[in-house]
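Colleague: First the structure, then my questions, so here it is.
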């Protein structure tokens with residue numbers, strides 16, 4: 003193992019030691035949430051009743067929920083992957099890990115003890131990104147496991163496997179937010195402002211996507227929101243568009259490269 | 151032998167604020183080097199520049215033969231550092247902290263057990279989270295993490311801060327061991343008696359500028375002497391004022407700070423006065439320090 007790889011591994015263990023406690027309740031909560039949703043999936047004899055209820059909603063609300071797709075088991079369960087509760091818990095992980103990775107260590111003064119070791123600056127960013135990705139994998143994995151177990155307990159005609167692409171795109175979306183969070187963290191001297199800005203980016207992106215779907219004058223701004231590229235029900239209906247994967251991966255890489263450039267040139 | 155530290159015109163500027171101005175310094179391998187200066191003089195800035203934590207505005211520096219910054223990353227495995235304002239992770243135990251920093255240093259902690267014993271940190275202490283430590287215990291843990299891997303060079307910024315006299319003595323013993331192992335110590339302190347006691351050479355900074363450096367003896371030798379002349383009867387001694395700075399005067403006593411080279415001339419002139427007593431005191435490091443920073 004080369005020195006840098008060993009350093010990243012050591013820093014990753016350091017991040018794990020700092021963040022493992024909240025990871026478990028987040029994963030459990032999100033898994034339970036998705037499991038409970040499988041109990042609410044409309045059975046075939048309930049679809050007509052649900053459909054008439056659905057028709058009474060305003061058109062914008064129907065659009066937000068996913069129109070007729072929401073009445074299918076896959077579409078209904080996909081709602082759980084764009085539900086604010088799901089978004090909130092994933093965001094909490096991203097904000098916590100990315101803000102503390104650099105700005106938090108600088109702000110508390112512990113970066114002096116870390117960066118005076120044979121650890122290149124980029125290893126802090128890479129370890130932070132790995133912590134983000136692994137934590138996301140645990141949380142999104144728990145969500146999917148909740149769905150899969152729920153569908154085994156209460157079969158509704160689909161398997162958990164059909165929802166795996168949604169989990170994968172959720173992982174990619176929040177990986178991109180994680181990279182942006184690390185970029186923000188690399189630019190700040192304290193965790194507080196880094197937490198504020200990362201939260202603002204995620205919340206702003208969510209709100210922009212929400213409003214742009216409801217209000218046509220700003221519909222053209224929707225591509226500026228990363229949530230534009232995360233449509234669980236569209237994935238259920240027509241699969242995962244390749245451009246979505248490309249955009250999310252490119253955003254992640256671009257944010258990481260910008261973070262590396264900033265970190266290499268700043269005082270710690 | 152490669153010097154442990156060489157800087158050339160090293161400078162750090164924060165906007166319009168000059169934290170360090172053109173520092174040129176050489177610290178030889180195996181010496182204990184004292185770095186003196188009042189708060190804000192640039193001591194910590196210098197150390198943080200040498201560790202690659204800050205980006206220099208100007209100049210160059212080499213630590214253990216490697217340029218500071220990215221080229222010096224691997225070299226930092228042979229460097230120990232105790233920050234002046236030590237921060238550790240409150241939730242980690244002492245053991246966890248030491249083992250984590252050992253792994254990050256990528257060197258075995260060959261001196262950890264000796265240091266723990268010397269500083270009186272027990273296994274029970276190290277099993278507790280750092281948040282429960284007193285300032286003194288935290289400082290002891292900081293010293294252990296800085297020295298546990300027997301670095302070739304250690305930067306110790308105010309190392310005895312918060313230590314009781316017994317532990318201070320243990321620290322001086324640890325420094326003696328470090329010296330025996332050929333370790334170079336870059337030692338920043340406000341406690342001048344301590345610097346005088348343990349350091350081979352010193353440098354003094356004022357407002358980011360180096361004002362003196364050399365062996366303690368040479369720094370003291372270059373300082374002015376305190377000359378006290380007592381007269382046998384009331385005397386107008388104003389003609390002696392030109393030899394130095396008058397610190398106090400009465401009709402029968404004159405106290406001056408005089409350059410070493412001017413002392414013989416002063417004595418020759420003073421011999422024409424009704425002298426009762428003359429004392430010439432070498433300046434202590436503290437006097438030299440105050441002389442520079444008044």
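Protein chains in written order, with this note's numbering: chain A, 3 to 270; chain B, 151 to 444.
Note that beta-carbon positions come from the ideal geometry of N, C-alpha and C, so glycine has one too.
1) Could you name the residues of the same chain whose beta carbon sits closer than 8 Å to that of residue 304 (chain B), not counting the 5 residues immediately before and after it, in chain order?
2) Spell out whether any CB of chain A is found under 8 Å from the CB atom of residue 226 (chain B).
3) From residue 424 (chain B) to residue 410 (chain B), what does the alpha carbon distance come to, in whole angstroms?
4) Taking residue 253 (chain B) as the query, report the chain A residues whose CB atoms sit under 7 Å from its CB, ordered along the chain.
5) Find out if the Cβ-Cβ distance for the pair residue 344 (chain B), residue 310 (chain B) is shorter than 8 Å.
6) Closest by CA to residue 76 (chain A), which one among A:202, A:114, A:236, A:183?
7) Please report whether the beta-carbon of residue 118 (chain A) lies at a distance below 8 Å from any beta-carbon of chain B.
8) By a C-beta neighbour count over all protein chains shown, 10 Å radius and 16 as the cutoff for buried, is residue 152 (chain B) buried or exposed?
9) Which class does residue 19 (chain A) belong to by DSSP, given the choice of helix, strand or coil?
10) Quick one: which chain A residues come within Cβ less than 8 Å of residue 341 (chain B)?
11) By DSSP, does residue 187 (chain B) sit in helix, in strand, or in coil?
12) Given that residue 205 (chain B) touches chain A, what residues does it touch there, using C-beta distances under 8 Å?
13) Taking any Cβ of chain B, which residues in the region 14–33 of chain A have a Cβ under 8 Å from it, in chain order?
14) Can you confirm whether the region 10–17 of chain A touches the region 246–256 of chain B when touching is taken to mean that 3 or more C-beta pairs between the two stretches lie within less than 8 Å?
15) Tell me which residue opens and which closes the beta strand (DSSP E) that residue 197 (chain A) is part of.
16) Checking contacts by CB at 8 Å: is residue 235 (chain B) closer than that to chain A?
17) Bridge partners of residue 288 (chain B), per DSSP?
18) According to the Cβ coordinates, are residue 160 (chain B) and residue 210 (chain B) closer than 8 Å?
19) Just checking: is the beta-carbon of residue 229 (chain B) within a distance shorter than 8 Å of some beta-carbon in chain A?
20) If we ignore side chains and look at the alpha-carbon of each, how far apart do residue 137 (chain A) and residue 176 (chain A) end up?
21) For chain B, is any of its Cβ atoms less than 8 Å away from the one on residue 4 (chain A)?
22) So, at 7 Å on beta carbons, what are the nonlocal neighbours of residue 364 (chain B) in its own chain, with the 5 sequence-adjacent residues on each side left out?
23) Could you tell me the alpha carbon to alpha carbon distance between residue 417 (chain B) and residue 376 (chain B), rounded to whole angstroms?
24) Compute the Euclidean distance between the alpha carbons of residue 274 (chain B) and residue 227 (chain A), then round it to the nearest angstrom.
25) Which same chain residues, not among the five before or five after residue 247 (chain B), have their C-beta less than 8 Å away from its C-beta?
26) If you compare alpha carbons, which of A:94, A:164, A:222 is closest to residue 210 (chain A)?
27) I want to verify the contact list: residues of chain A whose CB lies under 7 Å from the CB of residue 201 (chain B), in sequence order.
28) Note down, in chain order, every chain B residue with its Cβ under 7 Å from the Cβ of residue 110 (chain A).
29) I'd like the ranges of any beta strand (DSSP E) spanning at least 3 consecutive residues and lying wholly in the region 263–323 of chain B.
30) What span of residues does the alpha helix (DSSP H) with residue 252 (chain B) cover, start to end?
31) Is the CB of residue 250 (chain B) under 8 Å away from at least one CB in chain A?
32) Which residues of chain B have a Cβ atom closer than 7 Å to the Cβ of residue 8 (chain A), listed in chain order?
33) With DSSP collapsed to three states, give me the class of residue 373 (chain B).
34) Helix, strand or coil for residue 232 (chain A)? Go by DSSP, reduced to three states.
35) Assign residue 113 (chain A) to one of two classes, buried (16 or more other C-beta atoms within 10 Å of its C-beta) or exposed (fewer than that).
36) Please name the residue, chosen from A:156, A:171, A:101, that lies closest to residue 192 (chain A) on a Cα-to-Cα basis.
Modeller: With the structure as the only source:
1) 229, 230, 231, 232, 296, 297, 328, 333, 334, 335, 336
2) yes
3) 23 Å
4) 12
5) yes
6) A:236
7) yes
8) exposed
9) helix
10) Within 8 Å Cβ-Cβ: nothing; residue 341 (chain B) doesn't reach chain A, min ~22 Å.
11) coil
12) 267, 268, 269
13) 15, 16, 19, 20
14) yes
15) Looking at the DSSP string, residue 197 (chain A) is not in any beta strand (DSSP E); the run it does join, the alpha helix (DSSP H), is 193–216.
16) yes
17) Residue 288 (chain B) pairs with nothing; no bridge assigned.
18) yes
19) yes
20) 11 Å
21) no
22) 351
23) 13 Å
24) 53 Å
25) 238, 239, 280, 291, 295
26) A:222
27) 118
28) 237
29) 303–307
30) 244–255
31) yes
32) 256
33) coil
34) coil
35) buried
36) A:101
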